[in-house]
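Have a look at the structure below, then the notes.
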Amino acid sequence: QTGSPRNFPFRCLQISSFANTTWTRTDGLAWLWELQTHAWRNGSDSIHFLKPWSRGNFSPQQWEDLQHILGVYRSSFTRDIQEFAIMLSKVYPFELQLSAGCEAYPGNASESFLHVAFQGTHVVSFQGTYWEPAPDAPLWLNRAIEELNKDQGTREMVQSLLSDTCPQLASGLLEAGKSELEQQVKPKAWLSQGPSPGSDRLQLECHVSGFYPKPVWVMWMRGEQDQPETQRGDVLPNADDTWYLRVTLDVAAGEAAGLSCRVKHSSLGGQDIVLHWDGSRSS
Ligand code: J76
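Quick note: my numbering has the sequence shown finishing at residue 303, numbered continuously throughout.
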């Protein structure tokens, strides 16, 4: 996409595990679009920067202040939840997940969100200036939400983090990390033979790896003809912020010759990668 302005959401995730009345842990991580920018591990007092540009345009003092707020929050949150668990007779173990963040739009506009999941299901959001139950949240939550909404100081802090701190951080990160976000990395591709799906049948595998960004098109072809039986795996992350995909085709052993794997990716500028199955390698 050349020239067209686009938006990159900034997402902060919190994963809190409550194993029993005494064992808990909370980890945090932040992503700008597809790239992880920050990590905040359970025992650690400081937010870890994963990119050279993870400071964005925040001053060291602003990071200090933010780390302090989050440190207080983490211990208060853990204590609150343990109290809610008693009050609402919630049975251990359970998991809480928070997803909060923002996205800046052209002009000065931005949109923020904060959602909480209990045991993997969305139960609470922060909307405007209040905590609100999710549309079909269980009734027992209303007592917790009522309690949460009594703390005006916390509501004001959440509101300012979402409407001021988040967009400021996100736009600074976007500016500093733009070239990495918008980079194009070409895939490498190779073919192999998978486990035989049956007698006289072959599984042809086409591996595509090392590409960025994530959208990719890979198909087994016979000449110009797509093979609709092509099976596409999940796009999996490599450790270096690039992606991997495996695409397979089951064929009769005699029909493998003449097949090829075609890869289309934005980094290739229309020059698709085409690999031909070498009939002599198998059957
Ligand atoms: C998601 C980011 C939120 C950052 C907010 C930080 C504010 C904070 O740390 N509040 C705690 C301390 O509050 C005291 O001190 C403040 C100044 O530091 C203010 O003066 C405030 O008025 C004062 O009370 C406060 O203890 C909060 O309650 C911490 C936890 C907030 C929270 O997220 N709770 C929460 C959210 C969702 C609890 C439960 C759910 C879901 C229900 C799950 C049911 C089991």
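Backbone N, C-alpha and C define an ideal beta-carbon position, used for all residues, glycine too.
Task: Backbone secondary structure at Ile106 - three-state DSSP - done: Sequence index remark: in the sequence shown, residue 106 carries index 86 (1-based). Looking at Ile106 - three-state DSSP - the assignment turns out to be helix.
- [ ] Quick one: grab the DSSP three-state call for Leu55.
- [x] Counted from its first residue, the sequence shown places residue 55 at position 35. Strand, per DSSP.
Task: the segment 164-174 contacting the segment 191-202, beta-carbon criterion three pairs below 8 angstroms - done: no
Open item on the list: Which of the three DSSP states is assigned to His88 in this structure?
Closed with: Taking the sequence shown and counting its residues from 1, the one referred to as residue 88 is at position 68. Residue state, collapsed to three classes: helix.
TODO: Would you identify the three-state DSSP class for Gln179, choosing helix, strand or coil?
DONE: One-based indexing of the sequence shown puts residue 179 at position 159. If DSSP states are grouped into helix, strand and coil, Gln179 belongs with the helices.
Open item on the list: For the ligand J76, I want to know if Tyr112 counts as a neighbour, meaning its beta carbon is within less than 7 angstroms of at least one of the ligand's heavy atoms.
Closed with: Mapped onto the sequence shown, residue 112 falls at position 92. Result no, Cβ not under 7 angstroms from the ligand J76.
Open item on the list: I'd like the list of long-range same chain contacts for Asp220, defined as Cβ closer than 7 angstroms, with 5 residues on each side in sequence excluded.
Closed with: For this step, residue 220 is matched to residue 200 along the sequence shown. Contacts found: Ala272 and Ala273.
- [ ] Going by CA-CA distance only, name the one from Phe104, Glu103, Gln204 and Gln188 that's closest to Ser54.
- [x] Along the sequence shown, one-based indexing puts residue 54 at 34. Inspection of the sequence shows that residue 54 is occupied by Glu rather than by Ser. Checking every option, the nearest Cα to that of Glu54 belongs to Gln204.
Open item on the list: Give me the residue from His135, Thr141 and Gln139 with the minimum Cα distance to Glu152.
Closed with: For the purposes of this step, residue 152 is identified with residue 132 of the sequence shown, where counting begins at 1. Nearest of His135, Thr141 and Gln139 to Glu152, Cα basis: His135.
- [ ] Would you mind working out which of Gly148, Val144 and Thr149 sits nearest Pro155, comparing C-alpha positions?
- [x] As a first step, residue 155 must be located in the sequence shown, where it is residue number 135. Closest option to Pro155, Cα to Cα, is Val144.
- [ ] Output the distance between the C-alpha atoms of Ser95 and Gly121, rounded to the nearest integer angstrom.
- [x] Sequence index remark: in the sequence shown, residue 95 carries index 75 (1-based). Sequence index remark: in the sequence shown, residue 121 carries index 101 (1-based). Distance between the alpha carbons of Ser95 and Gly121: 21 angstroms.
Task: Closer than 7 angstroms: Leu168 CB and nearest the ligand J76 heavy atom - done: Counting from one through the sequence shown, the residue named residue 168 turns up at place 148. Within the cutoff, so yes.
Open item on the list: For Val111 and Asn169, what's the separation of their Cα atoms in angstroms?
Closed with: Looking up residue 111 in the sequence shown gives position 91. Looking up residue 169 in the sequence shown gives position 149. Approximately 24 angstroms, taken between the alpha carbons.
Task: Buried versus exposed, by CB contacts within 10 Å (16 or more), Trp43 - done: If you number the sequence shown from 1, residue 43 lands on position 23. Its Cβ having fewer than 16 others within 10 Å, Trp43 is exposed.
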